[in-house]
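Structure first, then comments.
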Ligand SMILES: Nc1ncnc2c1ncn2[C@@H]1O[C@H](COP(=O)(O)OP(=O)(O)O)[C@@H](O)[C@H]1O
Ligand SMILES: [Mg+2]
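In the working numbering, the protein residues as written are 47 to 166.
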C-alpha cells in the first residue's frame, strides 16, 4: 500500500483546512443513519486543481434547504449548540484559499472542495 499513491500539495493553513474536512465529515456522520456510508474521493486535474469530495448516503438535502446551507446560523438540527456555523466557516476558509466549495444532493449528499495545486 502507498506505492502508487502520489502526493498532491496545496498551500494554505493546515489547521484551517483540517477544520474544513472535519466539519464536512461530521455533517456526513450526522446525516447517515446506523449502517450508512461515508466516502472520500480525491480527483486531480493536471497540475491545476485537486478536488476532495466527501459523500454520504444519509438523509440528503432538499432544494429549498440547499439554497441556505452556507448561510451563517442556518441549521436544520434542533437543539444543537453553535448550530449552523460549520458550512459558512468552511466556505470562508476555502474561498480564502482561492478554492470553491460545492454541494450536490441527489439522494445522499456530496460536498466538494476544489483547491489550486501548489506551484501554480
Ligand atoms: N451531509 C449533509 N447531509 C444532509 N444535510 C446536510 C449535510 N451537510 C449539511 N447539511 C445541512 O446544512 C445545514 C448547515 O450545516 P452546518 O453549517 O454544518 O450547520 P449544522 O451542522 O450545525 O446544522 C445543516 O443543518 C443541514 O440541514
Ligand atoms: Mg455542521
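The beta-carbon is built from N, C-alpha and C at its ideal position, and this holds for glycine as well.
When burial is assigned at 16 or more other CB atoms within 10 Å of the CB, is residue i buried or exposed?
i           : result
residue 165 : exposed
residue 129 : exposed
residue 77  : buried
residue 111 : exposed
Closer than 8 Å by C-beta to residue i: which residues in its own chain qualify, once you throw out the five before and the five after it? Chain order, please.
i           : result
residue 69  : 132, 133, 135 and 136
residue 106 : 77, 151, 152, 153, 154 and 155
What does a CB cutoff of less than 7 Å around residue i pick up in its chain, not counting 5 residues either side in sequence?
i          : result
residue 66 : 136, 139, 140 and 159
Please return the same chain residues whose Cβ sits closer than 6 Å to the Cβ of residue i, not counting the five positions on each side in sequence.
i          : result
residue 63 : none
If you measure from each CB to the nearest heavy atom of ligand 2 and keep those under 5 Å, what residues do you get, in chain order?
Ordered along the chain, the selected set is 73 and 132.
Counting pairs of Cβ atoms below 8 Å between the stretch 69-87 and the stretch 142-157, do you hit three or more?
yes
Return the chain-ordered ranges of every alpha helix (DSSP H) run that is complete within the stretch 50-86 and spans a minimum of 4 residues.
60-77
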